[in-house]
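Residue numbers (this note's numbering), protein chains in the order written: chain A, 3 to 168; chain B, 6 to 355. All C-beta atoms, glycine included, are put in the ideal place defined by N, C-alpha and C.
Below is the structure:
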């Protein structure tokens, strides 16, 4: 309880500082509007990501189509598919190579909890066991609309950090 | 009225400064600085717009809509991207050679800025009219490869090194056809001064007198500035991002911006050497010369984008073979034919 009150007092002090908050707002606006994803896919969900980039769903409308091959340039990691125990350290390394601020979307039931393979001897039960996941998109695989919705939810989360904290 | 807009502004400022009894050197320096600021503004705004235009054009080619949510028709998309990169962490890996690693993104942007020194933007609008303008362009363009080599070597990453090696190979082999295609233009114009070359195209553009030279130049410049059929330096699917792999945040943004500025320079060089520079076609002088220049520049840029979104990336051996076994002999033959033609033309005239 005490920790929470201290935080809110700090936030009040920050709120008085007009310059800081507006600069934060500008950068959050920019971050939310240019989430460059890292080019990689783990399983069939990646096919749906490709479909979302195609002419019918086209996430380039929101400015998200700049796929970056190098993790140093990317902002967003879409964990699209089953994470096997062999793949898990590589996914973690890719995440650690990304520059801050970085976000993670867990797409599909495999990335959320292991999905249909959760009982298997070689499947990691969910991306949140080793990554800080921001948005979960359920489905097996989720449709492109669902991916777009999740992506826009992440944008909302970035642009309104206060709402998320509460 | 529009024709003398910028020249008139400079003249008015000069007379105002002189009437206020400033030292002549102060006046000169001030006006030169103003020209530099103007050119830099032109460069940055165009590079920002070009990134947006490239994404939009690619979307149209692929029957998509392209960025349209940030600002009207997505025009502020690049602004958002730049701001984000501005606030992103600059990641410096442990084993890089710090000096070259940090210097490369700074130097990469000075080269296109230096190139703008000799470009005739409009009637009487040359920042500095060098006698050896063409030679200057060729010389400064090829310095870029040293900067890319710095970035690739100092990153201490195998992909960066491979990309840098490719950039050197590419620059070495495509510099030849570029120079020979330029040489044929210089032979026709009889001068290496860019304003003279533009003036020589007042009646007939060199694209009609030098169609083969134009094609060679168009292709080779595309390769020199690493646009898509020849973007092996960046080659995403093979070597991550080439020399840019280890850069993040603003360092990467500078490389990104420099790439598009170089692209613009390529279009400007094609415009100046082959499409008559700021000369108005059909005597349509009601549009001012600097606007003609920009219109032609964007026409060439659109052609290059069309190429980019149509063709696939070729392999490194195919690319080098194409340069040494096809473009170079053809450009040599082109020079020979141009020389004979000029000689015959003179004989007939006299």
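Same chain, Cβ closer than 6 Å to residue i, five either side skipped, listed in chain order
i, result
"residue 238(B)", "168, 171, 172, 231, 247"
"residue 135(B)", "123, 141"
"residue 3(A)", "Confidence at residue 3(A) is low in this model, with a pLDDT of 41, below 50, so its placement is unreliable and no value can be given for it."
"residue 51(B)", "269"
"residue 112(B)", "152"
"residue 10(B)", "none"
"residue 72(A)", "none"
"residue 53(A)", "146"
Minimum Cβ-Cβ distance from residue i to chain A less than 7 Å
i, result
"residue 66(B)", "no"
"residue 263(B)", "no"
"residue 89(B)", "yes"
"residue 72(B)", "yes"
"residue 287(B)", "no"
"residue 1(B)", "Within the shown structure, residues of chain B are numbered from 6 to 355, placing residue 1(B) beyond reach of any answer."
"residue 163(B)", "no"
"residue 92(B)", "yes"
"residue 86(B)", "yes"
"residue 206(B)", "no"
"residue 215(B)", "no"
"residue 75(B)", "yes"
"residue 82(B)", "yes"
Beta-carbon proximity list for residue i, same chain, < 8 Å, skipping 5 on both sides
i, result
"residue 129(A)", "81, 85, 93, 106, 108, 113, 114, 135"
"residue 1(A)", "There is no way to answer for residue 1(A), as the model of chain A reaches only from 3 to 168."
"residue 105(B)", "155, 156, 158, 159"
"residue 28(B)", "none"
"residue 164(B)", "244, 245, 246, 247, 250"
"residue 240(B)", "168, 171, 247, 318"
"residue 192(A)", "Nothing about residue 192(A) can be reported from this structure: the residues present for chain A run from 3 to 168 only."
Classification of residue i by the beta-carbon crowding that lies within 10 angstroms, buried from 16 upward
i, result
"residue 65(B)", "exposed"
"residue 323(B)", "exposed"
"residue 200(B)", "buried"
"residue 350(B)", "exposed"
"residue 67(A)", "buried"
"residue 227(B)", "buried"
"residue 124(A)", "exposed"
"residue 131(B)", "buried"
"residue 121(B)", "buried"
"residue 326(B)", "exposed"
"residue 348(B)", "exposed"
"residue 287(B)", "exposed"
"residue 313(B)", "buried"
"residue 31(A)", "buried"
"residue 147(A)", "exposed"
"residue 24(A)", "exposed"
"residue 138(A)", "buried"
"residue 102(B)", "exposed"
"residue 75(A)", "buried"
"residue 83(A)", "buried"
Below-7 Å beta-carbon distance, residue i vs any chain E residue
i, result
"residue 180(B)", "Absent here is chain E; the protein component of the structure consists of chains A and B."
is_contact[residue i, chain B] using C-beta, thresh 7 Å
i, result
"residue 45(A)", "no"
"residue 30(A)", "no"
"residue 162(A)", "no"
"residue 33(A)", "yes"
"residue 39(A)", "no"
"residue 71(A)", "yes"
"residue 48(A)", "no"
"residue 95(A)", "no"
"residue 27(A)", "no"
"residue 102(A)", "yes"
"residue 158(A)", "no"
"residue 75(A)", "yes"
Proximal residues to residue i (C-beta, below 7 Å), its chain only, five neighbours per side dropped
i, result
"residue 2(A)", "This structure cannot settle anything about residue 2(A), because the visible part of chain A is limited to 3 through 168."
"residue 138(B)", "123, 197, 198, 199"
"residue 275(B)", "222, 223, 226, 305"
* **Residues within the stretch 53-66 of chain A neighbouring chain B, beta-carbon criterion of under 8 Å** => 56, 57, 60, 62, 63, 64, 65
* the stretch 150-168 of chain B / the stretch 251-261 of chain B touching (three or more Cβ pairs under 8 Å) -> Because the criterion of three Cβ pairs below 8 Å is met, the stretch 150-168 of chain B and the stretch 251-261 of chain B touch.
* To do: Decide yes or no for the touch test of the stretch 28-44 of chain A against the stretch 74-88 of chain B: beta carbon pairs closer than 8 Å, at least 3 of them.
  => yes
* Within 8 Å of chain A by C-beta, residues of the stretch 244-270 of chain B in sequence order -> Under the 8 Å Cβ criterion, the stretch 244-270 of chain B contributes 245, 246, 249, 250, 251, 252, 253, 254, 257.
* Three CB pairs or more closer than 8 Å across the stretch 124-132 of chain B and the stretch 281-290 of chain B -> yes
* Asked: Any residues in the stretch 91-111 of chain B with a beta carbon nearer than 7 Å to a beta carbon of chain A? Which ones, in chain order?
  -> 92, 93, 94, 96
* Quick check: the stretch 132-151 of chain B against the stretch 87-103 of chain B, are there 3 or more CB pairs under 8 Å? -> Contact between the stretch 132-151 of chain B and the stretch 87-103 of chain B is absent, because fewer than three Cβ pairs lie under 8 Å.
* Members of the stretch 308-341 of chain B that neighbour chain A once the beta carbon cut-off is set at 7 Å -> none
* When you check each C-beta in the stretch 44-64 of chain B against every C-beta of chain A, which residues fall closer than 8 Å? -> 60, 64
* Asked: Using a Cβ cut-off of 7 Å, which residues of the stretch 143-163 of chain B contact any Cβ in chain A, in chain order?
  -> none
* To do: Give a yes or no on contact between the stretch 215-224 of chain B and the stretch 180-188 of chain B, applying the rule of three or more CB pairs nearer than 8 Å.
  => yes
* Is it a yes or a no for the stretch 204-215 of chain B touching the stretch 287-298 of chain B, going by three-plus beta-carbon pairs under 8 Å? -> no
* Check each residue of the stretch 219-245 of chain B: if its Cβ is closer than 8 Å to any Cβ of chain A, include it; give the result in chain order. => 241, 242, 245
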